[in-house]
Structure formats: C-alpha cells, structure tokens
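J.:
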Amino acid sequence: MGSTSEFNRRDLVKRAAALGIIAVPAMGTLSACATGGGGGDADNGTKNKGATSAKNPLGVKKGVAMEAFIFKGGLGDQYAKDAEADYNKTYGVTVKHTGTQQVGPKLQPRFAGGNPPDLIDNSGADHLDMNKLSAQSQLQDLTPLLDAPSLDDPKKKVRDTLYPSTLEKGKHKDTFDVLYYAFTVYGSWYSNKLLKDKGWEYPTSLDDMVKLCAEIKKAGVAPWTYPGKYPYYVHFNLFSQIAKIGGLDKWIAIDNLEPKAWTSNDAVKQVVEHYEELAAKGYFLQGSQGLTHIQSQTAWTRGKAVFIPNGSWVENEAAPTTPKDFDMAVGPLFDGGSGDKMPHGTVRAEPSEPFIVAKGGKNPVGGMEMLRILLSKKHAQNFATKVKSLTSVQGATDGMQLSPGLSSAAKVVKEGGQNLLMIQLQEWYPKLTDEKLGGLTSQLLTGDLKAAEWIKKAQQYADEFAKDDSVTKFHREG
Amino acid sequence: MRHGKYRFIVGFLALPLLIYAIFVISPFVQAFQISTTEWSGLRGTAKSIGLDNYGKLLHSDEFWNALKHNVIMLVLVPIATLALGLFFAFMLNVGGRARRGAVITGVRGASFYKFVYFFPQVISITIISVIWFNIYNPDPHDGMLNSLLGALGLDSLQSSWLGERGIALACIMVVMVWANVGFYVVLFSAAMASIPREIYEASLLDGANRLHTFFRITLPLLWDTVQTGWVYMGIIAMDAFALVQIMSVNMGGPDGATDVVPLRLYQTAFRDSQFGYAAAMGVAMLVVTLLFAVLTMRFARRERIEF
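Read top to bottom, the protein sequences are chains A and B. Everything in the first sequence is counted per the working numbering, starting at 471 for the first residue and increasing by one. Everything in the second sequence is counted per the working numbering, starting at 179 for the first residue and increasing by one.
#1: To the nearest angstrom, how far is it from the Cα of B/Gly344 to the Cα of B/Ser337?
#2: Would you be able to state if there are at least three C-beta pairs under 8 Å between the stretch 890-910 of chain A and the stretch 323-330 of chain B?
#3: Between which two residues does the alpha helix (DSSP H) containing B/Met354 stretch?
#4: Would you say A/Ser912 reaches chain B, if we count a Cβ-Cβ gap shorter than 8 Å as a contact?
#5: Considering only C-alpha positions, which residue in the set A/Ser859, A/Gly886, A/Val941, A/Gly909 is nearest to A/Gly546?
#6: Among the candidates A/Pro579, A/Asp630, A/Ala921, A/Leu915, whose CA atom is the shortest distance from the CA of A/Asp599?
#7: Which of helix, strand or coil does DSSP assign to A/Tyr651?
#8: From A/Asp678 to A/His744, what does the alpha carbon distance come to, in whole angstroms?
#9: So which residues on chain A does B/Ser338 lean against when the C-beta distance must stay under 7 Å?
#10: For B/Val472, count neighbouring C-beta atoms within 10 Å of its own C-beta (all shown protein chains included) and say buried if the count is 16 or more, exposed if not.
#11: Quick one: does A/Leu748 have its CB under 8 Å from some CB of chain B?
#12: What is the rounded straight-line gap between the Cα of A/Gly717 and the Cα of A/Ala618?
#13: Hey, A/Thr911 and A/Ala605: beta-carbon distance below 8 Å or not?
#14: When we look at the beta-carbon of A/Met870 and count the other beta-carbons within 10 Å, is it buried (16 or more) or exposed?
#15: What does the Cβ neighbour count give for A/Phe777, buried or exposed, with the cut at 16 atoms within 10 Å?
#16: Distance check for A/Ala524 and A/Leu649, CA to CA, integer angstroms please.
#17: State yes or no: is the C-beta of A/Arg818 within less than 8 Å of the C-beta of A/Tyr656?
#18: What does A/Gly543 reach in chain B if we use C-beta pairs closer than 7 Å?
#19: The stretch 421-434 of chain B: which residues have C-beta closer than 7 Å to a C-beta of chain A, in chain order?
#20: Spatial neighbours of A/Asp797 within its chain, please: C-beta separation below 7 Å, excluding the five flanking residues on both sides.
#21: Do A/Leu841 and A/Ser620 have their C-beta atoms closer together than 8 Å?
#22: Could you spell out where the alpha helix (DSSP H) holding A/Arg580 opens and where it closes?
#23: Just the chain B side, please: which residues come within less than 8 Å of A/Asp1003 by C-beta, in chain order?
#24: Would you verify that the beta carbon of B/Leu220 is, or is not, closer than 8 Å to some beta carbon of chain A?
#25: Mapping DSSP to helix, strand and coil, what is A/Glu947?
#26: Between which residues of its own chain and A/Thr674 is the CB-CB distance below 7 Å, once the five residues before and five after are set aside?
#27: Contact criterion: CB-CB distance below 8 Å. Does B/Pro398 meet it with respect to chain A?
#28: Cβ of A/Leu589 less than 8 Å from any chain B Cβ?
#29: Could you tell me if B/Asp317 is buried or exposed, where buried requires 16 or more neighbouring beta carbons within 10 angstroms of its beta carbon?
#30: Find the residues of chain B that neighbour A/Asp933, judging by a C-beta separation of less than 7 Å, and give them in chain order.
#31: Report the rounded CA-to-CA distance for A/Val883 versus A/Trp783, giving the unit in angstroms.
#32: Listed from N- to C-terminal order along the chain, which residues in the stretch 898-909 of chain A have their beta-carbon within a distance smaller than 8 Å of any beta-carbon of chain B?
#33: Is the Cβ-Cβ distance between A/Ala553 and A/Ile843 less than 8 Å?
#34: Residue ranges of each alpha helix (DSSP H) run of no fewer than 4 residues wholly in the stretch 229-268 of chain B, ordered along the chain?
#35: For A/Trp694, count neighbouring C-beta atoms within 10 Å of its own C-beta (all shown protein chains included) and say buried if the count is 16 or more, exposed if not.
#36: CA-CA distance, B/Leu245 and B/Asp437?
Here you go:
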C-alpha cells in the first residue's frame, strides 16, 4: 500500500462532511431565500385567490396548481387521494400528491426555501415542528375555512360541524392554524372475544386491574404488552389516567410546565406506583421493552397479551394480523378510588392527524378547500370506512355499520359525554415526553426505576424545559 | 519551459479545486456560520448569537453522554474489526496446510469464505439494521437469536437485547463489526498478496509456525494498511447514525444508553428545529474526528519496512 497521508487528508474531510453536518443540504437555500422566498407575510390566504361564490366560498382559482403532502402511516393516504379526486373534478387541475412517512425531513428545506406545498398532513414520528412554524407565522390562519359553509349544508358553517376540542386543539395562542382531521380514542385495547372466552371482565378500577392481571398470568397469558421501542405509547394511558384521577386542572398545570406540577399531584404518585406494581409482578409480556409498535400489536392480536395501550388507529394498522373474530374493543380509564376528580367513563379522546396549510405555498386557498372537502360527510364516512377511524366531524358516522374497534371507540366517546380528556404535553413538547419521560417509563416498566424516582426526574426534566428559552412555550386555560 | 509548466499545472487543477471548494470547503464554513445563529431551519433568516450554542453544548449532559458512546465505539469497534479482519485474511491467504505443492495457501474453501465475508458490504446499511433489529427481536419464538438460544437449550441466555440497558450498545457494536469486517478481509488479503512468498517459505523452512509468521512477518509488513484501516474504521465508529437510529429503542435508548452524537444532531435539527445548535454539534464532531485522525497518524507511525 502507498503512503497513508494522502488517503487520510482527502478521505477524512469527505467522510467528516458526510457524517457530521447533516444540515448541509439546507444551507444553499439559507442564503438563497433570504432574498428570494419569504415576502409572503402580507397576503393572508389571498395568494391566487379567485372570485367567491356559493359553490366556491373560499374563492379557489380554477386551474391553479395544488400540492398535497400526506403522511402515509397507520392510516395510509388513500382517503386523501379520494378527496383530491373530487378537488380535481371541481377545479380542473390534478393535485400533486406525495404520500410519505418523512414529512419533516422532506419539507424542512422547502419551508426554509420559501417553497412549501399547500396542504400538509403533518403526522408521524418525523413531523414538522408546528410550534415553530406557527411562531414564525408560516402557517395559514384557517379561520376563513371555519367560517365557510360546509359542503353538505350551506346554512351550516364548517366550524359548527366539528368537535369543540378540534377548535381548541388547533390553536396556537389565538390563531387557529392546525386542523386535526381524525378523532382518536386512546386507552386500553383488548379482544372482547378473548375476555368473554376466559370469563374475564374489563376492570373498572386500578385495583381490579391488578387483580385481573394475576388471574390472566395464572392462565399463562401476559396481561399487558407495549412497544418498548416507542415507550411513549404507555403515556397514552399513564397521562390520561393521572388527569382522570387528579382532575383536569391539575393536568393542565403539567401541560403548562408549572413548577411542582408533577410532584404535588397525588394522582401522579398513585398512577406511577400502579405501573411500578405491574412491573414488579411481571405483568408485562416478556421482551416488550425491545418491541416495535407493530411487533407488540402482533403479539397482542395473536393472544400473547391481553391489553395494550394504544390509539384507535390500531384497528387499521393491526388489520393484517387480526383474526376475523377478534372483536377489538377499547375501555374507559380506570377509577383510582372514591376521591377521583372525574367520573367513571372518562376517556382520552381527542383530535389527531394535524393538517396544516402553508402560508408561503402557491395556493393556500386550494389547501383550505381540500380540507373543506375532507370535512364533508361523504369523505368523513369514507375515512371511517377505509381506515377505521373517527373524524373531527361530529356525528358523521351515525347510523353507519362500523368495524368492531371503531364502534367500540364511538361507544366510549358517547358514554364519556362531556368527560373527554385532551392531553397537550406530547404535542407541545415531544422531546420532553417521548425522549425524556419515555426513557424513564421504559425503565419503570422493566423494574429498573422506582415510582418515586420517576416522579422526581419527571419534575426535574419539566423544570429544565420550562427554563429553556430555545423551546417555544404554550399555555392552555382550564 | 518553466512558465509553461506552472500554467499547465494550474490549468489542470483549477476546475477540481473550484469544485472542491464549492462542495466541500464552503459547507464547512457555512456550517460554522450557522452554528453561531439560532436558526430554526424553517425560514430563510436567522439571528446571530455568537458562540452561545457552543457554551450550551459544553454544559449539555446529553451531548457528553452521546459523545461518550462514540468514544467507546471509537476504541472498541476498530480493534475488533481490524483484529478479525486480519485473522480472517491471514487464514484465507496464509493459514492453510500445504497441499498440492504450494507451500503457502489459505484454508480449504477460502474463495467461498471471501465471498461470505464480503457479502455485508453489498447490502445497504439500512437493510443491515432492519435485519439485525429482527435478529434481536426479544420474542422467544419470533426473535431469531432468542429462538436459536432456546433451541440450543440456552434459555437462560435469552434477553431483550436492544431493550436491555446494559448490553444495547454492545449489540449495536457487534452489528458494526459484522458489517465492516468483510471489507478489511479483502483489503488485507490484497495487501498480503503483495508480500513476497519467499519470505514465508524461508521462515517455514526455519520452523516457524502460523503464529510466528503472523506476528513476525505478516503484521509488520501490513502495518501501513492497518493504520489506514484504523483511521477509516474510527471515522465509521464516530458516525453509527443509521444503525442507532433504526435499531435502538426510543431513539438512542433505553434511556440514552445507545445515543450517539450524529443522532443527537439529527434530533436537534429535525425534531426540535434547532439547526444552529445542531450545526454546533456538527462542528464539534468535526473537531473530534480530526483530532482522532491526527493522533492516530502520529502515534501509530512506525519505520517502514522495504521489500
């Protein structure tokens, strides 16, 4: 071999560039768009706006290109393509459609370059930071959409067809700029058939759950499983269980990163200790801490575990491995005791699947019109049929023949009545919940961390985030 | 003729140098510039904040934790990879029994092994990660490793592998070694082929065994190649991004046990939208990588043996 020094210099620099600075591709655009892109602050949804009419209340200009970026995860993207077909027919264009799992990495440079697509389904693990986008006023204010008449009934505004929580959750400060299209029910999912066959009942309280777990384990089945690769799935239950027992106002203090919000809440102690007990008694499927969501769901649909913390997208996502007679169902949150602040039947059901319209896009009006089409009864029902999930359109699925999981979800929402919980922490501070608290939870469930330690560290992390200026903060009222 | 010579050289070098400057040097300079801003990465303008990002980096436990794992990899992965690579290459080229007149041969089936070793090089790192993630699947029936252990009656050794805090990083390092060793087998084989056979024959006549020939002849004559491989492997160990991102639980978990700097950089940039801070991490990594290369070159220097 020849001298190494030449190899070293040349390849070293090349390698370092490749591995170190991922931001490189975005850099060319940095200087380019400081002068080029931008400049869109003045036009608020008026770019490429045409004349309005009863049939076209937002004023979409015919023939203007429209681009949609749809997250293609558990829900797929066919439902969006169906709505786009309607858009194409009405406005004489073909919507440029991209289905992807990597919304963030693909669109970040386009936002920086001032050339974002018009409509974005900003979901999945790699989604865009909507807080930052909103704070930098890059998101289209969707109020015109809310005030436009709905597609089904010209006398009814779109605003009045949606769940109230959709209107609340979509706000950044005072601006409504995110439309959560789906309505997800979170909770403990199980097979009705399995429970019936074994003569078990869905428990009503945390204590009953522990008792049932003992029975299940005796029968040779694991009571619970969870995706250890994404431990924040456990938070779907853990967080809302805290809010159910301790009351929403105390949970809002946690959402708002208030000092001592975790440590001063007795419900936190009760719930985290419950999980510590489940772990200590070995009630989780062996090896869960290394499973992906798909793997844990498969273990569950095969009857290796009885319960799984999940959201209502699971029915669609686990469909390939679900037996026909599985009879999927979700149950309400468990009671902690007589001191519970919220009644039995309380459930976490909240808007999900955030759609945003980029203000800097070429056709923001078209983006909004696409949402109006998606929010029509026809497409809400199409969504329910295709992907087995509810939408933010109230009562759109009434009278429909629903799949087992979806009808169970619709049932707990109905029984929950006014007691539907919404958790913001995960949406606002993903690093805190998914990485930091997720790390704690994964140790809690393997028995490596005690409940007291979990709470102490959770508070410590929350305090760090509250102090960190680089994190955009949000506030919700009780 | 003198003038003509320089014009000739400049004429040939100008274009490549220009391309190099645009595509290699300028991103470095820009990365440094970005690291002095609080750029979110989502719009075209950014505010300059001087060296604040570096101050933040120095006090970030997360960053030091990630860097610690990179350094562990930097020490262990090249040693394991190069040692295995050398051993395999030696066995394939020199380690066999004498047969059919040839004194120096590899073990039986050497060319088949060469193919097997090199195979991981052909597959993309993403696929390797997915394959190994499934090998490490903790399910005692679905997981390849666990079901193999079960079939051998070694149930007590079954583990959740990547979900286990104590061994997750080691599990990932094993894959790194596995994926890279083939390249070094081929590299060292090529280098060994250039060692004159007579040297081996002479030493064998003198009664040297395989161990002697390896340490007294092969290794010293391969030293330059080993050194090059070391630097190259070290730089791969400083990365580990794709493997950790795809395989680790909870993105660098459990609880940060497998976090590496490039993954932290990626998360900071794309999840937290703090491109300025992420660029500072990139610059810090560049410094560490350069430092590593310079030190390796300095301390691994040996007198060259001419043959």
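Built from N, CA and C at the ideal position, the CB exists for glycine as well. None of the values given here were measured: they were computed from a predicted structure.
T.: This is what the structure holds:
#1: Straight through space, the alpha carbons of B/Ser337 and B/Gly344 are spaced by roughly 11 Å.
#2: Contact between the stretch 323-330 of chain B and the stretch 890-910 of chain A is absent: fewer than three C-beta pairs spanning the two stretches fall below 8 Å.
#3: 346-371 is the span of the alpha helix (DSSP H), which, as asked, contains B/Met354.
#4: By this cut-off, A/Ser912 is an interface position.
#5: Among A/Ser859, A/Gly886, A/Val941, A/Gly909, the Cα nearest to that of A/Gly546 belongs to A/Ser859.
#6: Out of A/Pro579, A/Asp630, A/Ala921, A/Leu915, A/Pro579 has the C-alpha closest to the C-alpha of A/Asp599.
#7: The answer is strand: DSSP assigns A/Tyr651 an E or B state.
#8: The alpha-carbon separation between A/Asp678 and A/His744 amounts to approximately 11 Å.
#9: Simply Gly757, Gln759, Gly760.
#10: Burial state of B/Val472 is exposed, judged by a 10 Å Cβ sphere holding fewer than 16 other Cβ atoms.
#11: For A/Leu748, the answer is no, since every Cβ of chain B falls outside 8 Å of its Cβ.
#12: Counting only the Cα atoms, A/Ala618 lies some 36 Å from A/Gly717.
#13: It is not a contact, given that the beta carbons lie outside the stated cut-off.
#14: Burial call: exposed.
#15: Flag for A/Phe777 reads buried.
#16: Those two C-alpha atoms are separated by around 23 Å.
#17: Yes; because the gap between Cβ atoms is below 8 Å, this pair is in contact.
#18: Taking a Cβ-Cβ cut-off of 7 Å, A/Gly543 has no neighbours in chain B, whose nearest Cβ is about 16 Å from it.
#19: In summary, the residues of the stretch 421-434 of chain B whose CB is separated from some CB of chain A by less than 7 Å are Val427, Asn428, Met429, Gly431, Pro432, Asp433, Gly434, in the order they occur in the chain.
#20: Close CB contacts of A/Asp797 within its chain, under the 7 Å cut and outside five residues either way in sequence, are with Ser661, Asn662, Lys663, Pro874 (chain order).
#21: Not a contact, by the Cβ cut-off of 8 Å.
#22: Unbroken alpha helix (DSSP H) run through A/Arg580: 573-582.
#23: With chain A represented from 471 up to 948, any question about residue 1003 of chain A goes unanswered, as that position is not in the structure.
#24: Answer yes: the Cβ-Cβ gap between B/Leu220 and chain A drops below 8 Å somewhere.
#25: Note: A/Glu947 maps to coil in three-state DSSP.
#26: Around A/Thr674: Phe804, Asp805, His814.
#27: No Cβ of chain A is located within less than 8 Å of the beta carbon of B/Pro398.
#28: The C-beta of A/Leu589 comes no closer than 8 Å to any C-beta of chain B.
#29: Answer is buried; the Cβ neighbour count reaches 16.
#30: Think of a sphere of 7 Å around the beta carbon of A/Asp933: no beta carbon from chain B falls inside it, the nearest being about 14 Å out.
#31: Straight-line Cα distance between these residues: approximately 15 Å.
#32: Going along the stretch 898-909 of chain A in chain order, one finds Pro900, Lys901, Asp904, Glu905, Gly908, Gly909 with a Cβ nearer than 8 Å to chain B.
#33: Contact flag set, yes.
#34: Runs of the alpha helix (DSSP H) inside the stretch 229-268 of chain B: 230-236.
#35: With 16 or more other Cβ atoms within 10 Å, it is buried.
#36: Answer to the nearest angstrom: the Cα atoms are 8 Å apart.
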